[in-house]
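Engineer: Numbering (the working numbering), first residue to last: 55 to 212.
Positions of the beta carbon are idealized from the N, C-alpha and C atoms, including for glycine.
There's a structure below that I have some questions on.
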């Protein structure tokens, strides 16, 4: 990437969403604690793997609302709901500072949904597989609603 390239963002955390079980909607909250190489404390998706944290833009959720679905932050099982930053403009390897402490590195764009969820059957589509992004935690800290997401640097495009 050119050193003169414009970095996306900054964006804002609009919701921090956690759940104790997988395959369920996450509970919306105002903060959560990220642990290095783990993810959010007490979240089912945390662990020693490449999808420790998931992010989805509120703008993506709004697309599903426009299709007539009654969905909100956390309903797509994303950990962090954002606004104002083009998450899909962040290639794998991009580093993002969240709030005053946390740092994540983008590890995957989108995912394959092997089991179609209830949202897919209601709308015939789901945004998380195409517009959700995943990250690993490089520096822990508390993430709060209202925190800024600031891109430190972009990874190399695939």
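Is residue 96 buried or exposed, if buried means 16 or more other CB atoms sit within 10 Å of its CB?
Structural biologist: Position 42 of the chain shown holds residue 96. Classification of residue 96: exposed, given that the 10 Å Cβ count is below 16.
Engineer: Any idea if residue 207 is buried or exposed, counting beta-carbon neighbours within 10 angstroms, 16 or more meaning buried?
Structural biologist: Start at 1 with the first residue of the chain shown, and residue 207 comes out as number 153. Exposed is the call here.
Engineer: Quick one: Cα of residue 159 to Cα of residue 75, how far?
Structural biologist: Working through the chain shown from its first residue, we reach residue 159 at position 105. Working through the chain shown from its first residue, we reach residue 75 at position 21. Roughly 24 Å separates the two Cα atoms.
Engineer: Could you check what DSSP says for residue 58 in three-state terms: helix, strand or coil?
Structural biologist: Counting from one through the chain shown, the residue named residue 58 turns up at place 4. Note on residue 58: pLDDT 44, under 50, position unreliable in the model; the coordinate value appears next. Here residue 58 sits in coil by DSSP.
Engineer: Per DSSP, residue 162 is paired with what?
Structural biologist: The residue you call residue 162 lines up with position 108 of the chain shown. According to DSSP, residue 162 bridges with 188.
Engineer: If we call anything under 7 Å between Cβ atoms a contact, is residue 112 one with residue 135?
Structural biologist: Here residue 112 is taken as the residue at index 58 of the chain shown, counted from 1. Here residue 135 is taken as the residue at index 81 of the chain shown, counted from 1. Contact: yes.
Engineer: Mind checking who residue 193 pairs with in its DSSP beta bridge?
Structural biologist: Looking up residue 193 in the chain shown gives position 139. For residue 193, which the question treats as bridged, DSSP gives the partners 157.
Engineer: Are the segment 70–89 and the segment 136–149 touching, with three or more C-beta to C-beta distances below 8 Å?
Structural biologist: Segments in contact, no.
Engineer: CB-CB under 8 Å to residue 22, same chain, minus the five flanking residues each way: which ones, in chain order?
Structural biologist: Nothing about residue 22 can be reported from this structure: the residues present for the chain run from 55 to 212 only.
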